[in-house]
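In UniProt numbering, the protein residues as written are 1 to 285.
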């Protein structure tokens, strides 16, 4: 994306100035001779900006003022009034405003991540724990996979660029890479869910807590079968965090099969990237 190096407003202005110098032409070969055809500057600029709006709309997401997008709308209205480009720019502006309002309404939920499995609780997590155990590992893994799939389908590839993602924590850059932030938030929600079900009820005996751990191991195994490596990694990360990993009495009660499954998954993921892991398991089957 050009926004890695310059703002949309600067790029649009540069294109406009280049065409306004009157040196715009294309060369077509005609029987050994060159035929110079003048280009329509506005048509060319319209094509460039149209492709930009369609493929890299996030470049124009600069809340709360959306200065670049507003400037673009003004420029198009003055130079190409009533065009399809103007209509698309206005629609994008409306979409950004609606998304900003929706995000503001769910701000509390983002700051207080909840377990995706909807654990109903009043005192501690005892009720949530038993409700979690009532879910089959297959169903829990399928639900996580459905949520992850929806988020990954919305990922904008260039949000993964280092020049974009590395600026995410800088002041005024909080809006960068929203599609990647959403996947990270989902990963954290799954991790928090695992930790909450394992630690929420202090009255649980080691044997009872071990049952919860074993159930999460089963969910992780189902996620692996579904090729959902995001939730798989989230579950393993939670089970390996200090708060859970230090529960020696609980882990002593965890079955050997469950402990072995965790170790195998950890060893495999440490050796292979998700891409090679997916390919190798596909070929094995």
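Glycine included, every Cβ here is placed at the ideal spot set by N, Cα and C.
Exposure label - residue i; buried when at least 16 CB within 10 Å
{"i": "residue 197", "result": "buried"}
{"i": "residue 94", "result": "exposed"}
{"i": "residue 59", "result": "buried"}
{"i": "residue 191", "result": "buried"}
{"i": "residue 47", "result": "exposed"}
{"i": "residue 160", "result": "exposed"}
{"i": "residue 248", "result": "exposed"}
{"i": "residue 291", "result": "For residue 291 there is no data in the structure shown, the boundaries of the chain being 1 and 285."}
{"i": "residue 148", "result": "buried"}
{"i": "residue 92", "result": "buried"}
{"i": "residue 244", "result": "buried"}
{"i": "residue 230", "result": "buried"}
{"i": "residue 320", "result": "For residue 320 there is no data in the structure shown, the boundaries of the chain being 1 and 285."}
{"i": "residue 250", "result": "buried"}
{"i": "residue 67", "result": "exposed"}
{"i": "residue 242", "result": "exposed"}
{"i": "residue 268", "result": "exposed"}
{"i": "residue 189", "result": "buried"}
{"i": "residue 232", "result": "buried"}
{"i": "residue 86", "result": "buried"}
{"i": "residue 146", "result": "exposed"}
{"i": "residue 98", "result": "exposed"}
{"i": "residue 69", "result": "buried"}
{"i": "residue 84", "result": "exposed"}
{"i": "residue 209", "result": "buried"}
{"i": "residue 265", "result": "buried"}
{"i": "residue 270", "result": "exposed"}
{"i": "residue 76", "result": "buried"}
{"i": "residue 55", "result": "exposed"}
For residue i, the three-state DSSP class (helix, strand or coil)
{"i": "residue 175", "result": "coil"}
{"i": "residue 50", "result": "helix"}
{"i": "residue 267", "result": "helix"}
{"i": "residue 192", "result": "helix"}
{"i": "residue 203", "result": "coil"}
{"i": "residue 228", "result": "coil"}
{"i": "residue 219", "result": "helix"}
{"i": "residue 30", "result": "Because residue 30 carries a pLDDT of 49, less than 50, the predicted location of this residue cannot be relied on, and the following value inherits that uncertainty. Residue 30 falls in the strand class under three-state DSSP."}
{"i": "residue 62", "result": "coil"}
{"i": "residue 211", "result": "helix"}
{"i": "residue 167", "result": "coil"}
{"i": "residue 135", "result": "coil"}
{"i": "residue 85", "result": "helix"}
{"i": "residue 56", "result": "coil"}
{"i": "residue 259", "result": "helix"}
{"i": "residue 78", "result": "helix"}
{"i": "residue 161", "result": "coil"}
{"i": "residue 68", "result": "helix"}
{"i": "residue 90", "result": "helix"}
{"i": "residue 198", "result": "helix"}
{"i": "residue 154", "result": "coil"}
{"i": "residue 246", "result": "coil"}
{"i": "residue 184", "result": "helix"}
{"i": "residue 110", "result": "Bear in mind that the predicted position of residue 110 carries a pLDDT of just 48, short of 50, making it too unreliable to give a figure here."}
Assumed close pair residue i, residue j - CB separation to whole angstroms, cut-off 8 Å
{"i": "residue 212", "j": "residue 179", "result": "Not confirmed; about 32 Å, so no contact."}
{"i": "residue 235", "j": "residue 258", "result": "With a Cβ gap of about 12 Å, residue 235 and residue 258 do not count as contacting."}
{"i": "residue 79", "j": "residue 53", "result": "About 16 Å separates the two Cβ atoms, so there is no contact after all."}
{"i": "residue 207", "j": "residue 150", "result": "Incorrect: roughly 37 Å between the Cβ atoms, too far for contact."}
{"i": "residue 239", "j": "residue 225", "result": "Actually they are not in contact, since the Cβ atoms of residue 239 and residue 225 sit about 18 Å apart, beyond 8 Å."}
{"i": "residue 168", "j": "residue 182", "result": "Not a contact, Cβ separation roughly 13 Å."}
{"i": "residue 222", "j": "residue 141", "result": "3 Å"}
{"i": "residue 175", "j": "residue 62", "result": "7 Å"}
{"i": "residue 72", "j": "residue 51", "result": "So it is not a contact: roughly 13 Å between Cβ atoms."}
{"i": "residue 135", "j": "residue 228", "result": "Not confirmed; about 16 Å, so no contact."}
{"i": "residue 194", "j": "residue 216", "result": "6 Å"}
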